[in-house]
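With the working numbering applied, the sequence shown has no gaps in its numbers, which climb one by one up to 113 at the end. Glycine is no exception: its CB is placed at the ideal position from the N, C-alpha and C atoms. What you are looking at is a predicted structure, and each value in this text was computed from that prediction instead of being measured.
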Amino acid sequence: MRLNRRSFVGGAALVAGHAPLFAGAQALTPSSGWTKTKGGDVGRVLRVTSLASEGLGTLRAALAVTGPRRILFDVAGVIDLGRKSLSIRDPFVTIDGTSAASPASR
(Lines of atoms letter the chains of each structure in order from A and count residues from 1; the text may use other names and numbers.)
(Lines give C-alpha, C1' and ligand atoms only; values in the text may rest on other atoms or scores of the structure.)
Protein backbone atom coordinates (compact mmCIF):
# COMPACT_ATOMS: atom_id res chain seq x y z
CA MET A 1 0.00 0.00 0.00
CA ARG A 2 1.32 3.45 -0.83
CA LEU A 3 0.23 6.64 0.88
CA ASN A 4 0.82 10.12 -0.40
CA ARG A 5 0.27 13.18 1.72
CA ARG A 6 -3.36 13.55 0.61
CA SER A 7 -4.32 9.94 1.18
CA PHE A 8 -2.48 9.75 4.52
CA VAL A 9 -4.71 12.30 6.22
CA GLY A 10 -7.83 10.42 5.17
CA GLY A 11 -6.19 7.06 5.77
CA ALA A 12 -5.10 8.01 9.28
CA ALA A 13 -8.69 8.83 10.21
CA LEU A 14 -9.83 5.48 8.84
CA VAL A 15 -7.05 3.55 10.57
CA ALA A 16 -7.85 5.33 13.83
CA GLY A 17 -11.40 4.03 13.74
CA HIS A 18 -12.92 7.10 12.13
CA ALA A 19 -11.95 9.17 15.17
CA PRO A 20 -11.28 12.86 14.53
CA LEU A 21 -7.61 13.88 14.64
CA PHE A 22 -8.03 17.02 16.74
CA ALA A 23 -8.56 18.19 20.33
CA GLY A 24 -11.25 16.27 22.11
CA ALA A 25 -10.61 13.03 20.21
CA GLN A 26 -10.74 9.97 22.41
CA ALA A 27 -7.74 7.66 22.49
CA LEU A 28 -8.26 4.12 21.27
CA THR A 29 -8.62 1.62 24.08
CA PRO A 30 -8.88 -2.16 24.04
CA SER A 31 -12.67 -1.84 24.22
CA SER A 32 -12.78 0.58 21.26
CA GLY A 33 -11.08 -1.74 18.83
CA TRP A 34 -7.31 -1.40 18.54
CA THR A 35 -6.61 -4.81 20.06
CA LYS A 36 -8.65 -6.39 17.27
CA THR A 37 -5.83 -5.60 14.84
CA LYS A 38 -2.64 -7.64 14.57
CA GLY A 39 -0.54 -4.50 14.95
CA GLY A 40 -2.33 -3.36 18.10
CA ASP A 41 -2.79 -6.83 19.53
CA VAL A 42 0.59 -8.53 19.25
CA GLY A 43 2.94 -5.96 17.77
CA ARG A 44 5.71 -3.77 19.06
CA VAL A 45 4.82 -0.25 20.17
CA LEU A 46 6.69 2.44 18.24
CA ARG A 47 6.49 6.17 18.98
CA VAL A 48 6.65 9.06 16.52
CA THR A 49 8.64 11.80 18.26
CA SER A 50 9.47 14.02 15.28
CA LEU A 51 7.39 15.88 12.70
CA ALA A 52 10.26 15.68 10.19
CA SER A 53 9.75 13.78 6.93
CA GLU A 54 12.68 11.41 7.49
CA GLY A 55 15.02 10.27 10.23
CA LEU A 56 14.92 8.78 13.71
CA GLY A 57 11.55 9.07 15.45
CA THR A 58 9.55 9.87 12.29
CA LEU A 59 6.43 8.23 10.93
CA ARG A 60 8.44 7.12 7.88
CA ALA A 61 10.96 5.34 10.14
CA ALA A 62 8.16 3.63 12.10
CA LEU A 63 6.56 2.39 8.88
CA ALA A 64 9.92 1.00 7.71
CA VAL A 65 10.16 -1.34 10.72
CA THR A 66 9.18 -4.93 9.94
CA GLY A 67 6.73 -7.11 11.80
CA PRO A 68 3.46 -6.30 13.58
CA ARG A 69 3.51 -2.88 15.21
CA ARG A 70 1.36 -0.16 16.72
CA ILE A 71 2.48 3.39 15.97
CA LEU A 72 1.72 6.06 18.59
CA PHE A 73 2.35 9.80 18.36
CA ASP A 74 4.18 11.76 21.08
CA VAL A 75 3.98 14.90 18.93
CA ALA A 76 1.13 16.91 17.46
CA GLY A 77 1.17 18.91 14.28
CA VAL A 78 1.57 18.58 10.54
CA ILE A 79 4.05 16.14 9.03
CA ASP A 80 5.34 17.64 5.79
CA LEU A 81 6.26 14.61 3.70
CA GLY A 82 8.25 16.71 1.26
CA ARG A 83 6.25 15.32 -1.67
CA LYS A 84 7.52 11.78 -0.92
CA SER A 85 5.01 8.97 -0.54
CA LEU A 86 4.88 6.71 2.50
CA SER A 87 5.05 2.96 1.96
CA ILE A 88 3.69 0.19 4.15
CA ARG A 89 5.49 -2.95 3.04
CA ASP A 90 4.61 -5.34 5.89
CA PRO A 91 1.09 -6.11 7.08
CA PHE A 92 -0.30 -5.66 10.58
CA VAL A 93 0.33 -1.97 11.20
CA THR A 94 -1.92 0.05 13.49
CA ILE A 95 -1.45 3.83 13.20
CA ASP A 96 -3.01 5.34 16.31
CA GLY A 97 -3.43 8.96 15.29
CA THR A 98 -5.59 9.67 18.33
CA SER A 99 -2.56 9.25 20.60
CA ALA A 100 -1.17 12.65 19.49
CA ALA A 101 -1.38 15.51 21.92
CA SER A 102 -3.97 18.18 21.26
CA PRO A 103 -2.60 21.03 19.13
CA ALA A 104 -3.79 23.42 21.88
CA SER A 105 -1.41 21.78 24.38
CA ARG A 106 1.73 22.38 22.30
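Residue i, enclosing alpha helix (DSSP H) - first and last residue
{"i": "Arg67", "result": "66-71"}
Residue i, DSSP secondary structure in three states
{"i": "Val49", "result": "helix"}
{"i": "Ser106", "result": "helix"}
{"i": "Thr56", "result": "coil"}
{"i": "Ser94", "result": "strand"}
{"i": "Val100", "result": "strand"}
Outcome for residue i when other beta-carbon atoms lying within 10 angstroms are tallied against a minimum of 16
{"i": "Val49", "result": "exposed"}
{"i": "Arg90", "result": "exposed"}
{"i": "Thr73", "result": "exposed"}
{"i": "Ser92", "result": "exposed"}
{"i": "Leu79", "result": "buried"}
{"i": "Ser94", "result": "exposed"}
Bridge-paired residues (DSSP) for residue i
{"i": "Phe80", "result": "Val55"}
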